[in-house]
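S.K.: So that we are looking at the same thing, I have put the structure below in structure tokens.
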Amino acid sequence: MNKAANENSDDGPAVLRFKARLFRDPKAANNGSWTLLDVPKPVGEQLRGTTKVEGTMNGHPFRAPLEPNDSAGHCLRVNQAMRDGAGADAGDTVKLAILGPEPEPAVPSDLRSAFKASREAKALWNDLTLIGRIDWIRWIDSAKTSETRARRVRRTVEQLSEGKRRPCCVNVYEFMLRRVQE
């Protein structure tokens, strides 16, 4: 039986933790070399249309697409690299920690103030996807000094004014790993 737990946080997506049993895909054209796991219904409901998830399986990081399964839920296709990293195979129960959907971020006050100087930057900001806005905010928030943060806020406004939709240097993978560490 799959069990699911949800850890909410004020500074990022919920971490959805659960256990699931790996099984061979009986319909696989490649003699069942694909292994699957069914995502528990409560977790699938929280993922609200997410098509790709990232997290850890037995502590091994992964990023993979969700697929519909036969019971109107979701399954995760577990490839050989994921199985090797997790030290698991068909029949084994694995522990997963998956990042849930990102909440809409609050625009930091220093960035909000900087937008007053550039209508173009503010207009592009409003046109960005949720993930695009989150990446910019993570880049700004990851600054270790106030000088670096101020420089990143200025650079964000400049780059958005120039039409750039993504920051150059956000390590999203590192952020995800910090969130799901057990």
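Position 20 (the sequence shown) corresponds to 20 in this note's numbering; numbering is contiguous. Every residue, glycine too, gets a C-beta built ideally from N, C-alpha and C. As the structure is a prediction and not an experimental result, all values here were calculated from the model.
1. Under three-state DSSP, which class holds A20?
2. With a threshold of 7 Å on Cβ separation, who are the neighbours of E162 within its own chain once the five nearest residues in sequence on each side are excluded?
3. Measuring only the C-alpha atoms, how far is R149 from L22?
4. If I'm right that P105 touches I137 with Cβ under 8 Å, what's the distance once you round it to whole angstroms?
5. Just the Cα atoms here: how many angstroms apart are G73 and L47?
6. Skipping 5 residues on each side, what residues in its chain have a beta carbon closer than 7 Å to that of A88?
7. Using a 10 Å radius around the Cβ and a threshold of 16 neighbouring Cβ atoms, would you call E54 buried or exposed?
8. Let me confirm a value: T129 is counted as buried when at least 16 other C-beta atoms fall within 10 Å, else exposed. Which label applies?
9. With DSSP as the reference, label K3 as helix, strand or coil.
10. Pair every Cβ in the region 66-81 with every Cβ in the region 113-126, then say whether three or more of these pairs are closer than 8 Å.
11. Please classify P167: does DSSP put it in a helix, a strand, or coil?
M.R.: Let me lay it out:
1. strand
2. none
3. 44 Å
4. 5 Å
5. 11 Å
6. L22, N58 and V94
7. buried
8. exposed
9. Bear in mind that the predicted position of K3 carries a pLDDT of just 44, short of 50, making it unreliable; the figure below should be weighed with that in mind. Note: K3 maps to strand in three-state DSSP.
10. no
11. coil
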